[in-house]
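Visitor:
Protein chains in written order, with the numbering used here: chain W, 65 to 176; chain S, 3 to 111.
(1) Could you check if residue 70 of chain W is buried or exposed, using at least 16 other CB atoms within 10 Å of its CB as the buried criterion?
(2) Within 10 angstroms of the Cβ of residue 94 of chain S, are there 16 or more other Cβ atoms? Answer buried if so, exposed if not.
(3) If the criterion is Cβ atoms closer than 7 Å, does the pair residue 75 of chain S and residue 62 of chain S meet it?
(4) So is residue 46 of chain S buried or exposed if we call it buried at 16+ other beta carbons inside 10 Å?
(5) By how many angstroms is the C-alpha of residue 69 of chain S removed from the C-alpha of residue 41 of chain S?
(6) Roughly how many angstroms separate the alpha carbons of residue 32 of chain S and residue 101 of chain S, rounded to a whole number?
(7) What is the C-beta distance between residue 139 of chain W and residue 84 of chain W, in whole angstroms, given that I count them as a contact (C-beta under 8 Å)?
(8) Terminal residues of the continuous beta strand (DSSP E) containing residue 84 of chain S?
(9) Run through chain S and tell me which residues come within less than 8 Å of residue 152 of chain W, C-beta to C-beta.
(10) Verify the CB distance criterion: does residue 167 of chain W have a CB-CB separation below 7 Å to chain S?
(11) List the residues of chain S whose Cβ lies closer than 8 Å to the Cβ of residue 112 of chain W, in chain order.
(12) Which stretch, first to last residue, makes up the beta strand (DSSP E) that contains residue 18 of chain S?
(13) Please list the partners that residue 164 of chain W has in chain S, where partner means a Cβ-to-Cβ separation under 8 Å.
(14) So with CB distances below 9 Å, who are the chain S contacts of residue 109 of chain W?
(15) From W:143, W:142, W:144 and W:159, pick the residue whose C-alpha is nearest to that of residue 96 of chain W; which is it?
(16) Considering just the uninterrupted stretch of the beta strand (DSSP E) at residue 102 of chain W, what are its terminal residues?
(17) Comparing alpha-carbon positions, which option in S:55, S:54, S:78 and S:48 lies nearest residue 87 of chain S?
(18) Does residue 40 of chain S come out as helix, strand or coil in the three-state DSSP assignment?
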């Protein structure tokens with residue numbers, strides 16, 4: 065089975081901190097994605113990557129950056145955390161485009 | 003960009019009932035998937051179904067690409083079916099899944 069693992073299940077950070085959310089997949093997938101999920105808004109795409117060192121902005125990239133130095137790892141970075149970035153963050157991967165996507169367990173981030 | 007609308011937004015059922023969830027999308031798609039999010043937040047992929055019909059146990063899904071909709075059918079619902087069901091699509095011009103806002107299903111015994 066495909067496994068997508070996010071480094072933390074719950075995280076509490078202070079306003080202004082630099083925050084790293086890590087995601088690792090074990091199936092040699094080309095594509096990786098970061099979404100955030102908020103009540104009433106569903107899942108919104110932040111960034112995605114279709115290859116090492118490649119990245120593309122999604123619908124809501126402001127306040128975030130990403131890093132993909134190795135194929136299996138995709139990191140989401142909050143340069144200076146703010147309270148409006150309190151959310152559930154979900155990482156996903158897929159073999160290529162137009163393939164079945166698999167999600168991690170999610171990281172519930174609270175910024176205080 | 004492509005729009006994805008799911009209906010109904012909420013659904014309450016008694017155990018054993020059947021239900022149909024609907025997903026309408028605004029453009030041609032190369033990729034359509036259904037997910038179930040359990041109460042702990044984990045998203046499980048139910049179907050990859052850009053066209054046609056698939057069945058997996060009590061669940062089946064049909065996508066009619068020419069009419070820009072997909073349906074998820076749940077038969078003999080169980081309390082473990084509770085959660086949020088998402089439809090996600092990728093347009094022919096797109097490179098990532100775009101999600102609808104989901105249908106929240108509550109099944110009581």
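Heads up, the beta-carbon is just placed ideally off N, CA and C, and yes, glycines get one too.
In this text the structure is predicted, and so the values were computed from the model without any measurement.
Guide: Short version:
(1) buried
(2) exposed
(3) yes
(4) exposed
(5) 32 Å
(6) 14 Å
(7) 6 Å
(8) Looking at the DSSP string, residue 84 of chain S is not in any beta strand (DSSP E), and its letter there is neither H nor E.
(9) 43
(10) yes
(11) 97 and 98
(12) That residue, residue 18 of chain S, is in no beta strand (DSSP E); it is neither H nor E in DSSP.
(13) 35, 47 and 50
(14) 98, 99, 100 and 101
(15) W:159
(16) 95-102
(17) S:48
(18) coil
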